[in-house]
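Visitor:
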Amino acid sequence: MVAIRLWWSRRARPAGWLALAFLAMALLVTVGRLAPSHPHGTIQYILQRGDIELLVLFPYLLYRFATTFAPPGRLMRLVVTSLTAGLTVFTFALTRFPATGESWSVGFAVYVIAFFVHWTLLSITVTVRLLRAGRGQPSVSAKRMRVLAFAAATLTIALLGTTFATNQSHPGALIVQLIGFASIVGFYLGIDPPRIVRAYWRTPDQARLQDAMRGLVTIAASPPEVAARIAAPAAALVGASGLAVRDDDGHELATWGTVEPDGGVVIAEEGLTFVAWTSPYAPFFNEDELRALHTIVGLTATALDRARLFEQEHETRLALERANELMTNFVALAAHELRTPVTTINGFVQTLNHVGNRLSEPQKVELREALEQQTQRMAALVEQLLDLSRLDADAVDVRPQLFELEPRLRQVIAIAAPEHLGEVEVNVPDNARANVDPHVLDHVVTNLVTNAFRYGRAPVRVTATAENGHLRVAVEDSGPGVAREIEETLFDRFTRAGVARDRVAGAGLGLAIARAYARAHRGDLRYERGDPTGARFVVDLPAV
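So the sequence shown is residues 28 to 571, counted in the numbering used here.
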């Protein structure tokens, strides 16, 4: 009944063979009470031989249970099948079974020898297989396998003992009965041990499991660290040779032991997957452990969520700190850069307002021209600051258009450096067309060409290529190049080369704005050293 209930709850092949084995034993005992020792007639003959055939089938069915997990070799399978089939035919072909005290015929003696060889061979096979399979398994499954192996061995001993202890009043008969009873208890504990027995057997694994679960609740590490801490205890819980922890995208967070490319027991909970490469015995003998592993997967998923939230909170805090620092620096530097033109403009205005009537006309013209220059400088700086604010807020709309590349570049250069048109070389393949946002291209090239004449020397070379709509533009000057000490921070805001601070007007925002526009277009801007000298800036704008 226990074996049948086990099969009914699982519907697995091992449980099915086990249920058939003990169903055969139950029928053996029941039919044995009805089958006559000396049959007369066909029905009695069939009852007697059927009862003996059940005794033949029991070790074979038990053998099929043990070999379901790891199939035997071809030779072993052929020997067992042939021996079982031959013994079955022999059972029904034997004309007469002698009564107690009668002499044995040669045929019956051969039959008895074949019967015991068959039973002993299969019992030894079951015993050895289960004992070997129990090595390296968790406590409960290892003990269940050993108890089943013990039960199979003691049942064989009890069966052999009945041939010698025929006198029921002899002490040997009691010993045989006790061995048979031990076999019954062993089969019961191996098939479906009570919860209290399982809890006792599981004691060695319990501490490690509790430590792992306690660690999941208390640690606040990164997701890979969380997965790495639980991988080894989880693998030990089910006796796995390898275990992989994967997220909902299939990426491996951690592995332990030997991880195979495929196979394994897959346990998924809440977007997290454990793949355990267990022995083939695990699904049958480790059902409680596999259920516990489901719980661990759920707890690990919760711990990973906590770890992700912790990482997000940490990254958000760092981002806020960086943004706050950037804002503070930005305001301070912007105020510093605006102070000079504002102070100059204020001085010119006060001069014109208070002593303008005492100035000569050439002096007034000079003041007005200087006032215009400082006003233009401040307007350009304000425009740059507005550009940065729009780029920081992702408020730049990228609208690609298909256009002829060379005319557009020459137009941009004419506006950016009208006084240096003869010092710019433009190299663009004939009929080259780009599928990018022309306004983004204008902003980037304008900044690069302006910087080339501001910080470098002529001639300036502008080279462009376009393939499948993807645009690459390089602007290279013939100057000394960028100082090595600022190459790493070249694209940071308000970064300017040492002497350029004193001799060249500017706020150090041009390259930061140019790269921000390129990245808003899903492209990038990079710096390369010129050959042999000079600064070379390359912008890539993918077709959107």
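All C-beta atoms, glycine included, are put in the ideal place defined by N, C-alpha and C. Predicted, not measured: the structure shown is a model, and the values here were computed from it.
Would you call the segment 83-93 and the segment 45-63 in contact, with 3 or more CB pairs under 8 Å?
Guide: yes
Visitor: If we ignore side chains and look at the alpha-carbon of each, how far apart do Gln390 and Asn380 end up?
Guide: Note on geometry: alpha-carbon atoms of Gln390 and Asn380 lie some 14 Å from one another.
Visitor: What three-state label does DSSP hand Phe337 in the structure shown?
Guide: helix
Visitor: Out of Thr560, Phe564, Ala570, which has the shortest C-alpha to C-alpha gap to Arg460?
Guide: Ala570
Visitor: What's the call for Val131, buried or exposed, on a 16-neighbour Cβ count within 10 Å?
Guide: Correcting the residue identity first, residue 131 is Trp in this sequence and not Val. Flag for Trp131 reads exposed.
Visitor: Short check: CB of Ala281 to CB of Trp304, under 9 Å?
Guide: no
Visitor: I need the straight-line Cα distance from Val500 to Leu386, nearest angstrom please.
Guide: 51 Å
Visitor: Would you kindly work out how many angstroms separate the C-alpha atoms of Ala319 and Arg335, rounded to a whole number?
Guide: 24 Å
Visitor: Using only the alpha-carbon positions, how far apart do Pro86 and Val107 sit?
Guide: 11 Å
Visitor: Roughly how many angstroms lie between the CA atoms of Thr95 and Gly213, to the nearest whole one?
Guide: 20 Å
Visitor: Roughly how far, in whole angstroms, is the beta-carbon of Val453 from the beta-carbon of Ile442, given that I think they are within contact range, below 8 Å?
Guide: Going by Cβ atoms, the distance from Val453 to Ile442 rounds to 14 Å, so no, they are not a contact pair.
Visitor: Hey, out of Val489, Thr355, His447, Asn313, whose CA is closest to Arg481's CA?
Guide: His447
Visitor: Could you give the distance in angstroms between the alpha-carbon of Gly449 and the alpha-carbon of Phe564?
Guide: 20 Å
Visitor: On the premise that Phe135 lies in contact with Leu121, defined as a C-beta separation below 8 Å, what is that separation, rounded to the nearest angstrom?
Guide: 7 Å
Visitor: Using alpha carbons as the reference points, say which of Ile151, Val502, Val116 lies closest to Ala176.
Guide: Taking only the C-alpha atoms, the option nearest Ala176 is Ile151.
Visitor: At what residues does the alpha helix (DSSP H) containing Val471 begin and finish?
Guide: Start and end: 465-482.
Visitor: Kindly indicate which residue of Ala234, Gly325, Ala30 has the alpha-carbon position closest to the one of Asp219.
Guide: Out of Ala234, Gly325, Ala30, Ala30 has the C-alpha closest to the C-alpha of Asp219.
Visitor: Out of Thr285, Val174, Arg553, which one is the CA nearest neighbour of Ala209?
Guide: Val174
Visitor: Sort Leu432, Glu410, Val265, Leu412 by Cα distance to Leu317 and report the nearest one.
Guide: Val265
Visitor: In the segment 272-307, which residue ranges form an unbroken beta strand (DSSP E) of at least 3 residues, counting only runs that do not cross its ends?
Guide: 279-284, 292-296, 299-304
Visitor: Name, in chain order, the residues that DSSP records as bridge partners for Val369.
Guide: DSSP output for Val369 lists no bridge partner at all.
Visitor: Starting from Asp78 and walking both ways along the alpha helix (DSSP H), at which residues does that stretch end?
Guide: Note, Asp78: alpha helix (DSSP H), 69-96.
Visitor: Pick from Ser166, Phe301, Val509, Ala491: whose alpha carbon is nearest that of Thr560?
Guide: For the residues Ser166, Phe301, Val509, Ala491, the minimum Cα distance to Thr560 belongs to Val509.
Visitor: Under the DSSP definition of a beta bridge, which residues are partnered with Gly588?
Guide: This structure leaves residue 588 out entirely; the chain is present only between 28 and 571.
Visitor: Count the other CB atoms within 10 Å of the CB of Gln401; is the residue buried (16 or more) or exposed (fewer)?
Guide: buried
Visitor: Measure the beta-carbon distance from Pro231 to Ser166 and round it to whole angstroms, keeping in mind my assumption that it falls under 8 Å.
Guide: 5 Å
Visitor: When you compare only the Cα positions, how much space is there between Val292 and Leu114?
Guide: 39 Å
Visitor: Where does the unbroken beta strand (DSSP E) through Ala493 begin, and where does it stop?
Guide: In the DSSP assignment, Ala493 falls within the unbroken beta strand (DSSP E) covering 487-494.
Visitor: So, using beta-carbon positions, are Val203 and Ala180 closer together than 9 Å?
Guide: no
Visitor: Could you check the C-alpha separation between Leu436 and Val369 for me, to the nearest Å?
Guide: 34 Å
Visitor: Between the Cα of Gly290 and those of Thr183, Leu148, Leu270, spot the shortest distance and give me the residue it belongs to.
Guide: Leu270
Visitor: In whole angstroms, give me the CA-to-CA distance for Asp222 and Phe124.
Guide: In the sequence on display, residue 222 carries Arg and not Asp. Taking the straight line from one Cα to the other gives about 46 Å.
Visitor: DSSP three-state label for Phe455, please.
Guide: Sequence check: residue 455 is Val here, not Phe. Residue state, collapsed to three classes: coil.
Visitor: Just the Cα atoms here: how many angstroms apart are Leu432 and Glu338?
Guide: 45 Å
Visitor: Excluding the five sequence neighbours on either side, which residues of its own chain have a C-beta within less than 6 Å of the C-beta of Arg104, listed in chain order?
Guide: If we look at Arg104 and ignore the five residues flanking it on each side, it has no Cβ neighbours.
Visitor: So what's His497 in DSSP terms, helix, strand or just coil?
Guide: strand
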